[in-house]
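Asker: Quick one: the structure is below, questions incoming.
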Amino acid sequence: MSDFFFEIRSGEIPAQMQKPATVDLKRLLEQKFKDLQLPHGEISCYVGPRRLVAVVRELATEQDARHEERRGPRTDAPKQAIEGFLKSTGVTLDDLEIRETPKGTFYFFVETFPAMATKNVLPNVIRNVIETLHWPKKMTWSTTTKTWVRPIQGGCALFDGQPLEFTVSMNEDGHPDPFLVHFNDITVGHRFMAPSPFAVKSFEDYVQKLQKAFVIVDQKERQEVLMQQINDLCAEHGLTILDDKGLLDEVTGLVEWPVCLLGDIDASFMSLPPELLRTTMRVHQRYFSVHKKGGSFAPHFIVAANIIAPDDGKAIVVGNERVLKARLSDAAFFYEQDRKQPLAAHGQKLDKTVFHAHLGTLAQKQERLVQLIDLIEKEEPIARQDAKEAAHLCKADLMSEMVFEFPELQGIIGSYYAKADGLKETVAQAIYDQYSPKGPSDTLPSQKAGQLLALADRLDTLVGFFSVGLKPTGSKDPFALRRAALGVIRFLEIDYDWALDRILSASFDLYEGTKKADKSLSKADVLKDLETFFMERLKVYWRDQGYAHDYIDAVLSRGLSEPLSVMKARLDALVSFVETHKQEATNLFAGYKRATNILRKEKVAALKDPVEILFEKEEEKALYKILSGAQQEIQGFLSQGNFTEAMATLAPLRSPIDAFFEHVQVNDERQDVRQNRLNLLGYIQKILEQVADFSKIEG
102 MSDFFFEIRS GEIPAQMQKP ATVDLKRLLE QKFKDLQLPH GEISCYVGPR RLVAVVRELA
162 TEQDARHEER RGPRTDAPKQ AIEGFLKSTG VTLDDLEIRE TPKGTFYFFV ETFPAMATKN
222 VLPNVIRNVI ETLHWPKKMT WSTTTKTWVR PIQGGCALFD GQPLEFTVSM NEDGHPDPFL
282 VHFNDITVGH RFMAPSPFAV KSFEDYVQKL QKAFVIVDQK ERQEVLMQQI NDLCAEHGLT
342 ILDDKGLLDE VTGLVEWPVC LLGDIDASFM SLPPELLRTT MRVHQRYFSV HKKGGSFAPH
402 FIVAANIIAP DDGKAIVVGN ERVLKARLSD AAFFYEQDRK QPLAAHGQKL DKTVFHAHLG
462 TLAQKQERLV QLIDLIEKEE PIARQDAKEA AHLCKADLMS EMVFEFPELQ GIIGSYYAKA
522 DGLKETVAQA IYDQYSPKGP SDTLPSQKAG QLLALADRLD TLVGFFSVGL KPTGSKDPFA
582 LRRAALGVIR FLEIDYDWAL DRILSASFDL YEGTKKADKS LSKADVLKDL ETFFMERLKV
642 YWRDQGYAHD YIDAVLSRGL SEPLSVMKAR LDALVSFVET HKQEATNLFA GYKRATNILR
702 KEKVAALKDP VEILFEKEEE KALYKILSGA QQEIQGFLSQ GNFTEAMATL APLRSPIDAF
762 FEHVQVNDER QDVRQNRLNL LGYIQKILEQ VADFSKIEG
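Each number in my numbering corresponds to the 1-based position in the sequence shown with 101 added.
This is how it looks when you write it as structure tokens:
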């Protein structure tokens, strides 16, 4: 067993493509070595701006001899079929074996591959990687016909401490002027600080020598160095960094040797909205924003250079400050142009702006949001009015110069324009909050008006796209409907009294006259699809919170006819009941399932309430008595929304149910007694199902 590693050097690999490339590379290598029947240890992949690297530990030094067999046609098959098989295998009829099988007598071709030294196989492994590794965008260069993310400049490869020297042609066979990539034991360091080539003896030697040549190979280590420098700068100047994992990942992919520097923002721009400053620096310059200790936006930025400058980076900082000033001047110009008219004037253009080809205009969407908010909120008139006022203007900033330049600022910049127009703070904040939460870890809007607008916006979007057949399929979700559904779930889980099925139905009705008739689906079909979709989203959401899948199924079996806050309370009560009454719960669930199975087996069409005078055994009398009492108690607790106590009421049912099944024969010869006992089983089922469907619970 020996280690194998290789490096492919190229032009600058886009940062957003780097992490997926390491995942795909590892997958390719694992599959290739499996196909080659070459045992190996751990595979690790590394990436930076100019190189993609893989190291395979404990790779077998020899490929074992192996046999591969192909079954051909039957021996009595037509001559043409047999000749075709011989042609595809490149052998004669004498080279084939004849075998009897359960399906008849067939020809077989067995090909033997002799043992081969691994070092002779590895060049083709690398060739295969170059030809098959997935890049979202690829290119040709010079005379090449084969593609790579950027022009390949060279490669380094070693196995068992020995260099692998070979070439890879970037052209199809027979090309008159092939472009060859040379692989050997040579690599190069940092483009500017250590460009000279040098030889390496192993992967460890490669990493150490590149470190001395100002290249950090491991992207995780490079990010740690980057973050440490940022934290050191912040500590030195009394600042805090604004968390931005996406930007941190991107900058890690832009530098081989990070050197963080602190620059200043021109004071004349500090009156602009902080989000505008932050977005300009992030999107155009990949700068990190910083705050003062008190939390306010600081007039500074942190830039990660890719070089150690002789003047400690002073010239780099000055250059970046100059570029940033030009960027912010453009942003300030767009801001001033937008402010020449009120936000409502921008909104007047929405009636000519399509929301979607089959779903009307953005102006129509705003009107639907106003109506939907009116339906959702009945108890807080002030919040409702603020949300409706915000809804009338919420998409207006999409027509602004600022959002055209920075789409990330939609909603945010509209809220600033609303405040400048003199609208209430709560209305402006609702416009700001309409796209929150943007992800599973984002917090919900704190104000009710913002919650209402954000909820209505997601409901309208979901119902609209589902109603014209544009629902997510597999991994494809171009309209981010799964994320929208998660937002709806998080909002409705708080305290809204609306059941999800009712609110989806109401939202569907508001589209009347808006959708294109030839694309519109029936209301029943749309609501059924939405229910299935939300059920799946709820399962994922609650599983991510640690709830067992069978408990979730037990609660969701009731459908979406209750408010999500009620469904969540049922789920929590079920978990609490099982944890505090474990043995009683186990036996109770078993009894419920037994009753359900008997009723299913007997195919009872209609059950009635049991008749007491038909009870003969003490156990069935006792069971009926305690069930009747429990029924009243459970209904009382459920009416109060107290699911914990309703569940606790079930615990004493365990013993009488056990006694019933032990001492009472349900299948009595007398039809009236038998039916009455079946009705009693139905009574068990009816009472327990008020809380959850316990047949879904495993174990």
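The beta carbon of each residue, even a glycine, is placed where N, CA and C say it ideally should be.
Does the distance from the C-beta atom of Ile-514 to that of Leu-429 stay below 9 Å?
Answerer: Not closer than 9 Å, so no.
Asker: Measure the alpha-carbon distance for Val-124 versus Cys-146 and round it to whole angstroms.
Answerer: So the two alpha carbons sit approximately 8 Å from each other.
Asker: Could you name the residues of the same chain whose beta carbon sits closer than 6 Å to that of Gly-205, not counting the 5 residues immediately before and after it, in chain order?
Answerer: Once the five neighbours on either side are set aside, the close Cβ partners of Gly-205 are Arg-175.
Asker: Would Ile-668 be called buried (16 or more neighbouring beta carbons within 10 Å of its own) or exposed?
Answerer: Before going further, note that residue 668 is Met rather than Ile in the sequence given. Met-668 is buried by the Cβ-count criterion.
Asker: Can you tell me the Cα-Cα spacing of Phe-77 and Phe-315, whole angstroms?
Answerer: Shown here, the chain extends from 102 to 800; a query on residue 77 therefore has no answer.
Asker: First and last residue of the alpha helix (DSSP H) that includes Val-226?
Answerer: Counting along the chain, the alpha helix (DSSP H) containing Val-226 begins and ends at 219-233.
Asker: Say whether the stretch 518-528 touches the stretch 556-567, bearing in mind that this needs 3 or more beta-carbon pairs closer than 8 Å, one atom from each stretch.
Answerer: No contact exists between the stretch 518-528 and the stretch 556-567.
Asker: Quick check: does the Cβ of Lys-722 come within less than 8 Å of any heavy atom belonging to the ligand PLP?
Answerer: Although the ligand PLP was asked about, the structure shown includes no ligands whatsoever.
Asker: So the beta strand (DSSP E) Gly-515 belongs to, where does it begin and stop?
Answerer: That residue, Gly-515, is in no beta strand (DSSP E); its alpha helix (DSSP H) goes 513-521.
Asker: Could you tell me whether the stretch 144-163 touches the stretch 190-209, where touching means 3 or more Cβ pairs closer than 8 Å?
Answerer: The stretch 144-163, when compared against the stretch 190-209, does not touch it at the 8 Å Cβ threshold.
Asker: In its own chain, which residues sit with a C-beta less than 8 Å from the C-beta of Phe-678, not counting the 5 before and 5 after it?
Answerer: Result list for Phe-678: Ala-686, Thr-745, Met-748, Ala-749, Leu-751 and Ala-752, in chain order.
Asker: Note the first and the last residue of the continuous beta strand (DSSP E) segment covering His-392.
Answerer: It spans 389-393 - the beta strand (DSSP E) in which His-392 sits, taken as one unbroken run.
Asker: For Asp-598, does the three-state DSSP call read helix, strand or coil?
Answerer: Three-state DSSP puts Asp-598 in coil, outside helix and strand.
Asker: Specify the secondary structure class of Gln-254 as computed by DSSP and reduced to three states.
Answerer: Looking at Gln-254 - three-state DSSP - the assignment turns out to be strand.
Asker: What number of angstroms, rounded off, separates the C-alpha of Phe-435 from the C-alpha of Ala-529?
Answerer: One C-alpha to the other measures close to 20 Å.
Asker: Cα separation between Ala-336 and Leu-362?
Answerer: Roughly 13 Å between the two C-alpha positions.
Asker: Does DSSP classify Glu-490 as helix, strand or coil?
Answerer: Helix.
Asker: Is the beta carbon of Leu-425 sitting closer than 9 Å to the one on Met-371?
Answerer: Their beta carbons are not under 9 Å apart, which means Leu-425 does not touch Met-371 by this criterion.
Asker: In three-state terms, what does DSSP make of Gln-791?
Answerer: Residue state, collapsed to three classes: coil.
Asker: Shortest alpha-carbon distance to Ala-406 belongs to which of Ala-497, Leu-327 and Leu-451?
Answerer: Among Ala-497, Leu-327 and Leu-451, the Cα nearest to that of Ala-406 belongs to Leu-327.
Asker: For the beta strand (DSSP E) containing Asp-365, list its first residue and its last residue.
Answerer: Start and end: 360-365.
Asker: Using DSSP's beta-bridge definition, name the partner residues of Arg-171.
Answerer: DSSP lists Phe-210 as partners of Arg-171.
Asker: Excluding sequence positions up to five away, which residues of its chain have a Cβ less than 7 Å from the Cβ of Ala-368?
Answerer: Result list for Ala-368: Pro-400, in chain order.
Asker: Per DSSP, which one or two residues make a beta bridge with Tyr-307?
Answerer: Tyr-307 is not bridged to any residue.
Asker: Counting only runs that start and end within the stretch 635-675, where is the alpha helix (DSSP H) found for 4 or more residues in a row?
Answerer: Those alpha helix (DSSP H) runs which fall completely within the stretch 635-675 and span 4+ residues are 650-657.
Asker: Rounded C-beta distance between Ser-568 and Phe-507? I'm assuming under 8 Å.
Answerer: Not confirmed; about 31 Å, so no contact.
Asker: Using C-beta distances below 7 Å, list every residue in its chain close to Gln-324, excluding the 5 sequence neighbours before and after it, in chain order.
Answerer: Closer than 7 Å at Cβ, skipping near neighbours: Leu-349 and Thr-353.
Asker: To the nearest angstrom, report how far apart Leu-355 and Pro-538 are at their CA atoms.
Answerer: Each residue's alpha carbon lies about 29 Å from the other.
Asker: Between which two residues does the beta strand (DSSP E) holding Tyr-693 run?
Answerer: Not the beta strand (DSSP E): Tyr-693 falls in the alpha helix (DSSP H), residues 683-703.
Asker: Per DSSP, which one or two residues make a beta bridge with Leu-340?
Answerer: Beta-bridge pairing links Leu-340 to Lys-393.
Asker: Given 8 Å as the limit, is there contact between the stretch 590-607 and the stretch 635-651, that is, 3 or more CB pairs closer than that?
Answerer: The stretch 590-607, when compared against the stretch 635-651, does touch it at the 8 Å Cβ threshold.
Asker: Can you name the start and end residues of the alpha helix (DSSP H) that Ser-270 belongs to?
Answerer: Looking at the DSSP string, Ser-270 is not in any alpha helix (DSSP H); the run it does join, the beta strand (DSSP E), is 267-270.
Asker: Have a look at Arg-584, Tyr-307 and Ile-183 and flag the residue whose alpha-carbon is nearest the alpha-carbon of Ile-199.
Answerer: For Ile-199, the nearest C-alpha among the options comes from Ile-183.
Asker: Just confirm the distance between the C-beta atoms of Val-226 and Lys-135, as a whole number of angstroms; I'd bet it's less than 8 Å.
Answerer: That belief does not hold up - the Cβ atoms of Val-226 and Lys-135 are roughly 12 Å apart, past 8 Å.
Asker: Measure the CB-CB distance between Val-792 and Leu-754 and report whether it falls below 9 Å.
Answerer: The answer is no: Cβ separation not under 9 Å.
Asker: In chain order, what residues of the same chain lie with their CB nearer than 7 Å to the CB of Pro-224, ignoring the 5 residues before and after it?
Answerer: Within the same chain, Pro-224 has close Cβ partners Leu-265 and Phe-267.
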